[in-house]
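K.L.:
If you read the sequence shown in this note's numbering, its first letter stands for residue 6, the second for the next number, and so on. The structure is given below, and queries will be raised subsequently.
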Amino acid sequence: MSKRYTAEFKRDAVALALSSEKTVTEVASDLGVSPEGLRGWVKQAKIDRGEGPAGALTTAEREGLVRLRRKVREQEATIEVLGKATAFFAQDKMR
């Protein structure tokens, strides 16, 4: 089961990992989180600061993309319902 950490905890963990003389693995062990998780947080924090590879999405861009994908799914469902309603009423009108 995966744990959920607050944004504040992640921010503080990243700051500690970047400022510490310890390795990410050691910091993760001290905090009780997985080293892979902490590495991911550090990587994303660097991307958010503009220090990531070209084309990498910032956290805000990822959240925007999730919102847009959700909206597209909702609109596709609406279009499907409207198409079925149109077909139903067109068929009913022909009777």
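Idealized CB from N, CA, C, for every residue including glycine. As the structure is a computational prediction, the values presented were derived from the model and not from experiment.
Consult DSSP for Glu-26 and reduce its assignment to one of helix, strand or coil.
P.N.:
Coil, per DSSP.
K.L.:
Between which residues of its own chain and Lys-15 is the CB-CB distance below 7 Å, once the five residues before and five after are set aside?
P.N.:
Trp-46
K.L.:
Roughly how many angstroms lie between the CA atoms of Ala-65 and Arg-75, to the nearest whole one?
P.N.:
15 Å
K.L.:
Quick check: what's the CA-CA separation for Gly-37 versus Thr-30?
P.N.:
10 Å
K.L.:
Just checking my contact of Pro-40 with Ala-33 at CB under 8 Å: how many whole Å lie between their CB atoms?
P.N.:
4 Å
K.L.:
Between Thr-28 and Glu-79, what straight-line distance do the alpha-carbon atoms span, to the nearest angstrom?
P.N.:
45 Å
K.L.:
Looking at the structure shown, is Thr-91 part of a helix, part of a strand, or coil, going by DSSP?
P.N.:
helix
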